[in-house]
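Visitor: Would you mind keeping the following structure in view while I ask a few things?
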Amino acid sequence: MIKFKKGLNKTKIFLSFSTHMVTDTYASFIIGLIPILAVKLELSLFLVSILTSVNFISNSLTQPAFGYLSDKYGIRYFLIAGPLAASIFISLLGVSPGYWFILVFLFLGNLGVAAIHPPTAATASHVGGSRKGLVNSIISFGGAVGFSLGSLFVIFIVSKLGLKFTPLAAIPGIIMALVLIKFDSSIFLTETQKVKISFIRKIKSLKKTKLILLLLVMFAAYSRDLTVLSMLTFMPLYFTGQGVQLINFGYIIMVFILIGGIGGLFAGYYSDRIRKRTAVIQAGLSISIPLFFLMFKMPLSISIILFILAGFFATSTLPLCIRVVQDIFPGNVSLASSMVMGVSGGTAAATVILVGKIADYTGIIKAINYVLVIPILASLLLFLFPLVRSKYR
Numbered sequence: 012m013i014k015f016k017k018g019l020n021k022t023k024i025f026l027s028f029s030t031h032m033v034t035d036t037y038a039s040f041i042i043g044l045i046p047i048l049a050v051k052l053e054l055s056l057f058l059v060s061i062l063t064s065v066n067f068i069s070n071s072l073t074q075p076a077f078g079y080l081s082d083k084y085g086i087r088y089f090l091i092a093g094p095l096a097a098s099i100f101i102s103l104l105g106v107s108p109g110y111w112f113i114l115v116f117l118f119l120g121n122l123g124v125a126a127i128h129p130p131t132a133a134t135a136s137h138v139g140g141s142r143k144g145l146v147n148s149i150i151s152f153g154g155a156v157g158f159s160l161g162s163l164f165v166i167f168i169v170s171k172l173g174l175k176f177t178p179l180a181a182i183p184g185i186i187m188a189l190v191l192i193k194f195d196s197s198i199f200l201t202e203t204q205k206v207k208i209s210f211i212r213k214i215k216s217l218k219k220t221k222l223i224l225l226l227l228v229m230f231a232a233y234s235r236d237l238t239v240l241s242m243l244t245f246m247p248l249y250f251t252g253q254g255v256q257l258i259n260f261g262y263i264i265m266v267f268i269l270i271g272g273i274g275g276l277f278a279g280y281y282s283d284r285i286r287k288r289t290a291v292i293q294a295g296l297s298i299s300i301p302l303f304f305l306m307f308k309m310p311l312s313i314s315i316i317l318f319i320l321a322g323f324f325a326t327s328t329l330p331l332c333i334r335v336v337q338d339i340f341p342g343n344v345s346l347a348s349s350m351v352m353g354v355s356g357g358t359a360a361a362t363v364i365l366v367g368k369i370a371d372y373t374g375i376i377k378a379i380n381y382v383l384v385i386p387i388l389a390s391l392l393l394f395l396f397p398l399v400r401s402k403y404r
């Protein structure tokens with residue numbers, strides 16, 4: 012059980028958890044809408060892949076900028092603006108007049124998603140004490156809960172009211188922003204504001220061994236993100252093509268992400284107790300690969316089970332990657348966290364566009380099988396981490 016020195020710490024964790032949960036709800040809206048938009052707009056797999064790529068490039072690749080700004084100016088404004096922008100813009104998807112408007116709203120809304128990730132991740136470093144891994148996992152779990160509910164939430168609105176009523180989905184995000192405005196600004200102050208040396212200067216002054224450690228963790232995170240994003244992009248079409256109703260697919264995605272978040276809680280809990288955290292990352296990636304591969308060769312019911320189990324192992328590696336990179340850069344935890352959550356995720360999202368183009372020629376199954384080569388390579392490369400770290404020490 013986590014021991015808090017001050018009641019303020021509990022409040023910070025709760026607000027970070029809640030903000031992460033509410034804001035990430037909007038990040039998964041596009042997943043639930045893909046089958047509807049693909050039919051309505053007659054989209055190819057390539058155009059579908061651009062939807063999810065823009066979604067995740069915006070909320071991932073821009074995170075280092077928000078991480079730098081939150082380290083420099085404090086996290087309050089980003090925590091307030093995040094859910095507000097995400098809820099307003101992404102809830103307009105259902106009333107967008109065309110494909111290009113959808114891309115614009117996805118990009119703008121997901122800037123709000125990006126804005127809250129570095130500061131919420133940094134909270135664990137400041138208030139977690141010796142249990143940073145667990146607190147990091149708790150806050151990450153908030154995002155997993157929100158992300159798991161988002162697609163189901165928008166599917167429910169569309170199924171019951173129609174596509175034109177998606178703006179109603181903005182209400183939770185607006186309420187979250189108002190709650191954050193209510194709190195005194197002092198509650199959001201963090202130690203990162205005292206840091207004098209910029210992250211960029213630290214990167215330039217890094218020893219070669221420490222830079223290699225960072226790149227190894229980022230590649231592992233990239234492989235995880237590429238695999239999961241490919242699944243979230245194409246499995247809506249695959250499962251609905253197999254006869255799964257849209258609302259039932261919403262439940263499948265909810266369980267897929269939620270189970271992965273629970274896996275992250277376990278991984279974070281044990282990451283505080285073991286020294287070889289990268290070994291747990293390797294295990295998560297290695298176990299998920301055959302499960303993802305076999306799900307296309309099984310009957311539908313078993314395929315769904317394998318899909319969910321694979322999500323448990325793959326998604327659970329994210330809090331561990333964050334914890335490892337925060338240990339490398341303890342003085343810039345917001346920006347360091349954004350390197351894992353942002354740069355690797357954004358690069359993976361950009362790669363999904365290429366996967367979509369491949370899928371147009373080879374089909375969904377072969378394209379995903381090609382993707383699974385990347386986490387295999389990442390798992391093998393992580394064997395270098397303890398060797399490089401021993402030289403750094």
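Residue numbers (the numbering used here): 12 to 404.
Quick reminder that beta carbons are idealized off the backbone N, C-alpha and C, glycines included.
In this text, all values refer to a predicted model and were calculated from it rather than measured experimentally.
Taking 8 Å as the cut-off, decide whether the C-beta atoms of Ile68 and Gly274 are in contact.
Guide: Reading the sequence shown from its first residue, position 57 is the one you call residue 68. Reading the sequence shown from its first residue, position 263 is the one you call residue 274. Contact: no.
Visitor: For the alpha helix (DSSP H) that contains Phe413, what are its first and last residues?
Guide: Here the chain has residues from 12 to 404 only, and residue 413 is not among them.
Visitor: Can you check which of these residues, Ile315, Ala361, Phe340 and Ala294, is closest to Leu329 by C-alpha distance?
Guide: Here residue 329 corresponds to residue number 318 of the sequence shown, with the count starting at 1. Nearest C-alpha to Leu329: Ala294.
Visitor: Which residue wins for smallest C-alpha separation from Leu296, given the options Val239, Val124, Met32 and Leu226?
Guide: Here residue 296 refers to the residue found at position 285 when the sequence shown is read from its first residue. It is Val239.
Visitor: Of all the options Gly120, Ile376 and Ile150, which has the alpha carbon lying nearest to the alpha carbon of Gln253?
Guide: For the purposes of this step, residue 253 is identified with residue 242 of the sequence shown, where counting begins at 1. Looking at the Cα atoms, Ile376 is the closest of the given residues.
Visitor: Given this structure, state the Cα-to-Cα distance separating Ile270 from Pro301, to the nearest angstrom.
Guide: The residue labelled residue 270 in the question sits at position 259 within the sequence shown. The residue labelled residue 301 in the question sits at position 290 within the sequence shown. C-alpha separation (whole angstroms): 18 Å.
Visitor: In its own chain, which residues sit with a C-beta less than 7 Å from the C-beta of Ile42, not counting the 5 before and 5 after it?
Guide: As a working mapping, residue 42 is identified with position 31 in the sequence shown. Result list for Ile42: Ser162, Leu243, Pro247 and Ile264, in chain order.
Visitor: With distances taken between CB atoms, is the gap from Ala96 to Asn70 smaller than 8 Å?
Guide: Here residue 96 refers to the residue found at position 85 of the sequence shown. Here residue 70 refers to the residue found at position 59 of the sequence shown. Taking 8 Å as the Cβ cut-off, Ala96 and Asn70 do not qualify as a contacting pair.
Visitor: Do the CB positions of Phe100 and Phe89 come within less than 8 Å of each other?
Guide: For the purposes of this step, residue 100 is taken as the residue at position 89 of the sequence shown. For the purposes of this step, residue 89 is taken as the residue at position 78 of the sequence shown. For Phe100 and Phe89, no; Cβs fall outside 8 Å.
Visitor: With three or more C-beta pairs closer than 8 Å as the rule, is the stretch 152–162 touching the stretch 19–33?
Guide: A contact exists between the stretch 19–33 and the stretch 152–162.
Visitor: Suppose the cutoff is 7 Å on Cβ atoms and the five residues either side in sequence are ignored; what does the same chain contact list for Phe40 look like?
Guide: On the sequence shown, residue 40 is found 29 positions in, with the first residue counted as 1. Hits under 7 Å: Ile101, Leu104, Gly161, Ser162 and Val165.
Visitor: Alpha carbon to alpha carbon, what distance is there between Gln74 and Gly18?
Guide: To locate residue 18, count along the sequence shown from 1; it is residue 7. To locate residue 74, count along the sequence shown from 1; it is residue 63. Its pLDDT being 44, under 50, Gly18 is placed unreliably by the model, and the measurement read from it follows with that caveat. Between Gly18 and Gln74, the C-alpha separation is close to 29 Å.
Visitor: In chain order, what residues of the same chain lie with their CB nearer than 6 Å to the CB of Phe230, ignoring the 5 residues before and after it?
Guide: Here the question's residue 230 lines up with position 219 in the sequence shown. Excluding sequence neighbours, Phe230 sits near Ala389.
Visitor: Taking only three categories from DSSP, how would you classify Lys368?
Guide: Reading the sequence shown from its first residue, position 357 is the one you call residue 368. Helix, per DSSP.
Visitor: To the nearest angstrom, how far is it from the Cα of Ser148 to the Cα of Phe57?
Guide: In the sequence shown, residue 148 corresponds to position 137, counting from 1. In the sequence shown, residue 57 corresponds to position 46, counting from 1. Roughly 34 Å separates the two Cα atoms.
Visitor: Taking Val291 as the reference, give the member of Ser312, Cys332 and Asn259 with the closest Cα.
Guide: On the sequence shown, position 280 is the one that residue 291 refers to. Minimum Cα distance to Val291 is reached at Cys332.
Visitor: What's the call for Gln337, buried or exposed, on a 16-neighbour Cβ count within 10 Å?
Guide: Taking the first residue of the sequence shown as position 1, residue 337 is located at position 326. Classification of Gln337: buried, given that the 10 Å Cβ count is 16 or more.
Visitor: Spatial neighbours of Leu122 within its chain, please: C-beta separation below 7 Å, excluding the five flanking residues on both sides.
Guide: Numbered from 1 along the sequence shown, position 111 holds the residue referred to as residue 122. Excluding sequence neighbours, Leu122 sits near Ser69, Thr73 and Ala96.
Visitor: Based on Cα-Cα distance, which residue from Thr373, Leu398 and Asn380 lies nearest to Ser55?
Guide: Along the sequence shown, one-based indexing puts residue 55 at 44. Nearest C-alpha to Ser55: Thr373.
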